[in-house]
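Asks:
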Amino acid sequence: MKFQPAGLLLLGLPVLALTQTVQAAENDGTVKSAAAAENTAVNQRAAKLDNQIVTAREKLLGEAMSASQGYVSGEEINSRPLLRTGEVLELVPGLVVTQHSGSGKANQYFLRGFNLDHGTDFATFVDGMPVNMRTHGHGQGYTDLNFIIPESIGSLSYQKGSYYADVGDFSGAGSATLQTADTFAQGLAQLSLGEDQYRRALLLDSLSNARGDWVYALERNTYDGPWSDIREDLDKTSVLLKHRRALAGGKLSLSFMGYDNQWNSADQIPQRAVDSGLIDELGSLNDSVGGESSRYSLNAIWQRDGIQASAYAIRYDMNLWSDFTYYLDDTVNGDQFEQVDKRWIYGGQLSYLWHSDIAGLAMSNRIGADLRYDDIGEVGLYHSKERQRIGTVRSDRVGELSTGLYAENTLFWNERVRTVLGVRYDDYRFDVQSRVSSNKNGVDLSANSGKASDDNIALKGSVIVALNRDWESYLAAGQGLHSNDARGITIQVDPADGSAVEAVDPLVDSMGYEVGVRGVMAGRLSTSLALWQLDLDSELLFVGDAGNTEASRASRRKGLEMTLYYQLNERWNMDLEYAWTKAELRGNSADGNEIPGAVKNVVQAGISSQRGAGWFGSLRLRYFGERPLVEDGSVMSEPTTVVNLRSGYSLHNWVFSADVLNLFDSHDHDIDYWYASRLAGESSEQEDIHYHVIEPRTVRLAAAWQF
């Protein structure tokens, strides 16, 4: 058991443990925290912004537990032009979403000095179901959001930092919860057409009768992409069916989500191949990489009088073919590899919120539990050529069970001061069984089978002080964790050569601190400012591309985040978000202390109008600065800037819009890596920048009928 009481001091002051952030307390798309509910119940001070028209995303005075929480409405989400579905997470200030492969692969995420790969330290949920995949074929915490239909999202709530007791695994940098809509104001039938054979059809609506409400949404999307020698041939279908009704004095919500996708990929390419004229920036060195993936889920949520219970079952499959090093390891067949993941995920949550008082002070209490079991039929890595397997690196069956328990107390000391105390306990069980006796390298893999377990206690907390009716200050601290890949926990021998390998710890601890303020000025300008720090015990990760583990030192990240949202009038608003981060490995090393991929500066800004009669639109800028690609900082990426535009017109029941993505046709990079590879004809390996360029400017037109 790991217990770290040290660290619950912030700027020399004791900090009490924080748990729940903004939680869904009603089914109408609004959010209320326990603190806000108690404020109302006991008629204490609530920061009500009467006669003010600030944006909903920052209307959290009297509710938030830190300065880095937020809420975004579905209306705001759907006002933005999106190149990819995963970009909905860019509504989290400071979070950058990119891609280095095909449109069906999980995105690359950057936040608070993390290159999150595909989600290792940022937890994501959809209708209470976890999206992050443990012990995944491609990477720990793999977060594929391609199954979501953006127009079906009713709200997004986010909380950065490790101060919230209701979230455990993968939440060191924060978490986000997407809620699908319970009803739609109008039905929608939309057809979108664009360059490079982009085609998308969408149909959604909601129906109500005496037996409850029904919601359905169906998306069909195909796309060839702008690549010079690969037709992406994206073929994606997504569906949502949701029913809500009264049951046993409460509300029951049942939902089904389905997703099936296949695609070809234009992966990152080496700089020297472009400089020599071998390929152009839209070219590739292997035209047989890509993938196929599917996800089907059933979910039930029941709520009544402070009680919330949910259960889910998810079926997930993925086959992914990649080639990042070309002829580095195999000069004859090449280095293409296939990653496989086939699993069922079962789980659920139960929580209870109630209000009481102590010594005349009002308080609210919440207890909860969550359970998750990943039944992974196969998680595998194969050597392949043109998508045909030519050898097994490793293939395993894994069972992974986690149980979490948490409790929180929100205490209102007076009209200005409230505290939140919380504690969380997590228990993990791992069972790994090799599916093959020996691999293509002749290594006996049976030693990598095994069982392991670990548990963790985490304290979290905050003190909130209302400075006046329009401003609040926050002091927060909390312990967090992320789990490691089960294969790295039981590993004994390296699949490449059979040499002894040291197993990694099952759970990696983190400790976060934050001080901040949030407020409203002149009834129209909403702002927040946060100073934060996060320490990780180790950057230990299983390397899915190689089939083994790597360990690095402990790390420290710290930074500043600022948000500004200005409501020009009832339709038009402007926003500016800035995040600065310093990320370093702890201790001194001749290799250097930089964390590869850590972004130092992120800026997002925009102006938009909500859809109504007549013209509407959105103009958005995203900038993320240079970042080190090696630990000594001797190789850096270039900064990246992209601007997207949406313009549209509503006429009666018709809506016409045009998206211009990458408005100024930037040739900046979505992603940069530094590693060794060997091209066909090269006599030896060469270290080089490998990058994926932003997709060129593209125009997409849409016509929608509202009914």
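Numbering (the numbering used here), first residue to last: 828 to 1534. For every residue, glycine included, the Cβ atom is placed at its ideal position computed from N, Cα and C.
Output needed for Leu838: all residues of its chain with C-beta closer than 7 Å, excluding positions within five of it in sequence on either side, in chain order.
Replies: The residue labelled residue 838 in the question sits at position 11 within the sequence shown. Because the pLDDT at Leu838 is just 30, under 50, the model does not fix this residue reliably, and the point stays unresolved.
Asks: Considering only the beta carbon of each residue, do Ala1323 and Asn1268 sit closer than 9 Å?
Replies: Within the sequence shown, residue 1323 is the residue found at index 496, counting from 1. Within the sequence shown, residue 1268 is the residue found at index 441, counting from 1. Yes.
Asks: For Ala1357, I'd like the list of residues in its chain whose CB is within less than 6 Å of its CB, leaving aside the five on either flank, ordered along the chain.
Replies: The residue given as residue 1357 occupies position 530 in the sequence shown. Correct list, in chain order: Ala894, Ser895, Glu1341, Gly1343 and Glu1388.
Asks: Buried or exposed, going by whether 16 or more other CB atoms sit within 10 Å of the CB of His1517?
Replies: Walking along the sequence shown from the start, residue 1517 turns up at place 690. Classification for His1517: buried.
Asks: Using the rule of at least 16 other Cβ atoms within 10 Å of the residue's Cβ for burial, across every protein chain shown, is Arg1554 buried or exposed?
Replies: The requested residue 1554 is not part of the displayed model; the chain covers only 828 to 1534.
Asks: Would you mind giving the Cβ-Cβ distance between Gly1117 and Trp1090, rounded to the nearest angstrom? I have them listed as a contact below 8 Å.
Replies: On the sequence shown, position 290 is the one that residue 1117 refers to. On the sequence shown, position 263 is the one that residue 1090 refers to. Contact holds; Cβ gap of about 5 Å.
Asks: Does DSSP put Asn1428 in a helix, a strand or coil?
Replies: Counted from its first residue, the sequence shown places residue 1428 at position 601. Three-state result, Asn1428: strand.
Asks: By the 10 Å Cβ neighbour count, where 16 or more other Cβ atoms means buried, how is Met1348 classified, buried or exposed?
Replies: Your numbering for residue 1348 matches position 521 in the sequence shown. That one is exposed.
Asks: Let me confirm a value: Thr848 is counted as buried when at least 16 other C-beta atoms fall within 10 Å, else exposed. Which label applies?
Replies: Translated into positions along the sequence shown, residue 848 becomes position 21. Low per-residue confidence applies at Thr848: pLDDT is 33, beneath 50, and the placement is therefore not dependable enough to give any value.
Asks: Opposite Trp1240 in the DSSP bridges: which residues?
Replies: Sequence index remark: in the sequence shown, residue 1240 carries index 413 (1-based). Looking at the DSSP assignment, Trp1240 forms no beta bridge with any residue, so it has no partner.
Asks: Report the three-state DSSP secondary structure of Leu1506 (helix, strand or coil).
Replies: As a first step, residue 1506 must be located in the sequence shown, where it is residue number 679. It is coil, neither helix nor strand.
Asks: Using the Cβ count rule (16 or more neighbours within 10 Å means buried), how would you classify Leu983?
Replies: Position 156 of the sequence shown, counting from 1, holds the residue named residue 983. Buried is the call here.
Asks: Quick one: give me the first and last residue of the alpha helix (DSSP H) that Ala1304 is part of.
Replies: Here residue 1304 refers to the residue found at position 477 when the sequence shown is read from its first residue. It is not in any alpha helix (DSSP H) - Ala1304 instead sits in the beta strand (DSSP E) that spans Trp1298 to Ser1310.
Asks: Alpha carbon to alpha carbon, what distance is there between Leu1208 and Phe949?
Replies: If you number the sequence shown from 1, residue 949 lands on position 122. If you number the sequence shown from 1, residue 1208 lands on position 381. Phe949 and Leu1208: Cα-Cα distance of roughly 25 Å.
Asks: Report the CB separation of Tyr990 from Gly1305 in whole angstroms; it is logged as a contact under 8 Å.
Replies: Position 163 of the sequence shown, counted from the start, is the residue given in the question as residue 990. Position 478 of the sequence shown, counted from the start, is the residue given in the question as residue 1305. Going by Cβ atoms, the distance from Tyr990 to Gly1305 rounds to 4 Å, so yes, they are a contact pair.
Asks: With a threshold of 16 other CB atoms inside 10 Å of the CB of Asn1311, please say whether the residue is buried or exposed.
Replies: In the sequence shown, counting from the first residue as 1, residue 1311 sits at position 484. Asn1311 should be labelled buried.
Asks: Check each candidate in Met1145, Val1429 and Ala1303 and name the one with the smallest Cα separation from His965.
Replies: Taking the first residue of the sequence shown as position 1, residue 965 is located at position 138. When each option's Cα is compared against that of His965, the closest is Met1145.
Asks: Classify Arg1038: buried if its beta carbon has 16 or more other beta carbons within 10 angstroms, exposed otherwise.
Replies: Here residue 1038 refers to the residue found at position 211 when the sequence shown is read from its first residue. Arg1038 comes out exposed.
Asks: I'd like to know whether the C-beta atoms of Glu1108 and Leu1029 end up nearer to each other than 9 Å.
Replies: The sequence position of residue 1108 within the sequence shown is 281, counting from 1. The sequence position of residue 1029 within the sequence shown is 202, counting from 1. Going by C-beta atoms, Glu1108 is not nearer than 9 Å to Leu1029.
Asks: Only counting the same chain, and skipping five residues up and downstream in sequence, which positions put a Cβ closer than 8 Å to that of Asp1492?
Replies: Sequence index remark: in the sequence shown, residue 1492 carries index 665 (1-based). So the list reads Pro1523 and Arg1524, once near-sequence residues are dropped.
Asks: Please tell me whether Gly921 and Ala1303 are closer than 9 Å, where the distance is taken between their beta carbons.
Replies: If you number the sequence shown from 1, residue 921 lands on position 94. If you number the sequence shown from 1, residue 1303 lands on position 476. No, these two residues do not count as a Cβ contact at 9 Å.
Asks: Report the three-state DSSP secondary structure of Thr1230 (helix, strand or coil).
Replies: For the purposes of this step, residue 1230 is taken as the residue at position 403 of the sequence shown. Reduced to three states, the DSSP call for Thr1230 is strand.
Asks: For Trp1442, count the other beta carbons within 10 Å of its own beta carbon; 16 or more makes it buried, fewer makes it exposed. Which is it?
Replies: Numbered from 1 along the sequence shown, position 615 holds the residue referred to as residue 1442. Exposed, since its Cβ has fewer than 16 Cβ neighbours within 10 Å.
Asks: Would Val1244 be called buried (16 or more neighbouring beta carbons within 10 Å of its own) or exposed?
Replies: Taking the first residue of the sequence shown as position 1, residue 1244 is located at position 417. It is exposed - the Cβ of Val1244 has fewer than 16 other Cβ atoms within 10 Å.
Asks: Could you check if Ala1531 is buried or exposed, using at least 16 other CB atoms within 10 Å of its CB as the buried criterion?
Replies: What you label residue 1531 is simply residue 704 of the sequence shown in a count that begins at 1. Burial call: buried.
Asks: Apply the 10 Å Cβ neighbour rule to Ser1510 and answer buried if 16 or more other Cβ atoms are within range, or exposed otherwise.
Replies: Your numbering for residue 1510 matches position 683 in the sequence shown. Ser1510 is exposed by the Cβ-count criterion.
Asks: If we count the other Cβ atoms within 10 Å of its Cβ and call it buried at 16 or more, is Asn973 buried or exposed?
Replies: For the purposes of this step, residue 973 is taken as residue 146 along the sequence shown, with counting starting at 1. When all chains shown are included, Asn973 counts as buried.
Asks: Do you know offhand how far Lys859's Cα is from Gly955's?
Replies: As a position in the sequence shown, residue 859 is number 32, starting the count at 1. As a position in the sequence shown, residue 955 is number 128, starting the count at 1. Low confidence applies here, because Lys859 scores a pLDDT of 34, under 50, leaving its location unreliable; read the following figure in that light. Spanning the two alpha carbons is a distance of roughly 16 Å.
Asks: Give, in chain order, every unbroken run of the beta strand (DSSP E) that is at least 3 residues long and sits entirely within the stretch 923–1000.
Replies: Those beta strand (DSSP E) runs which fall completely within the stretch 923–1000 and span 3+ residues are 923–925, 935–938, 949–953 and 980–987.
Asks: According to DSSP, simplified to helix, strand and coil, what is Ser1493?
Replies: Locating residue 1493 in the sequence shown gives position 666, where the first residue counts as 1. Correct three-state label for Ser1493: coil.
Asks: Check each candidate in His1494, Ala1196, Thr1390 and Gly1439 and name the one with the smallest Cα separation from Pro1466.
Replies: Position 639 of the sequence shown, counted from the start, is the residue given in the question as residue 1466. Pro1466 has its Cα closest to that of His1494, out of His1494, Ala1196, Thr1390 and Gly1439.
Asks: Looking at Leu1067: is its Cβ nearer than 9 Å to the Cβ of Leu1045?
Replies: Counting from one through the sequence shown, the residue named residue 1067 turns up at place 240. Counting from one through the sequence shown, the residue named residue 1045 turns up at place 218. Yes, the Cβ-Cβ distance between Leu1067 and Leu1045 is below 9 Å.
Asks: Asp1197 and Met1190 look like a contact to me (Cβ under 8 Å); what is the Cβ gap, rounded to whole Å?
Replies: To locate residue 1197, count along the sequence shown from 1; it is residue 370. To locate residue 1190, count along the sequence shown from 1; it is residue 363. Actually they do not touch by this definition, with Cβ atoms about 23 Å apart.
Asks: Going by Cα to Cα distance, which pick from Asp1202, Lys1287, Leu1177 and Ala1075 is closest to Trp821?
Replies: This structure cannot speak to residue 821, because the chain is shown only from 828 to 1534.
Asks: Please classify Glu865 as buried or exposed, where buried requires at least 16 other C-beta atoms within 10 Å of its C-beta.
Replies: The sequence position of residue 865 within the sequence shown is 38, counting from 1. Per-residue confidence for Glu865 stands at a pLDDT of 38, beneath the threshold of 50, marking its modelled position as unreliable; the derived number appears in the next sentence. Buried: at least 16 other Cβ atoms inside 10 Å.
Asks: Rounding to the nearest angstrom, what Cα-Cα distance links Asp1515 and Pro1053 in this structure?
Replies: Here the question's residue 1515 lines up with position 688 in the sequence shown. Here the question's residue 1053 lines up with position 226 in the sequence shown. Spanning the two alpha carbons is a distance of roughly 24 Å.
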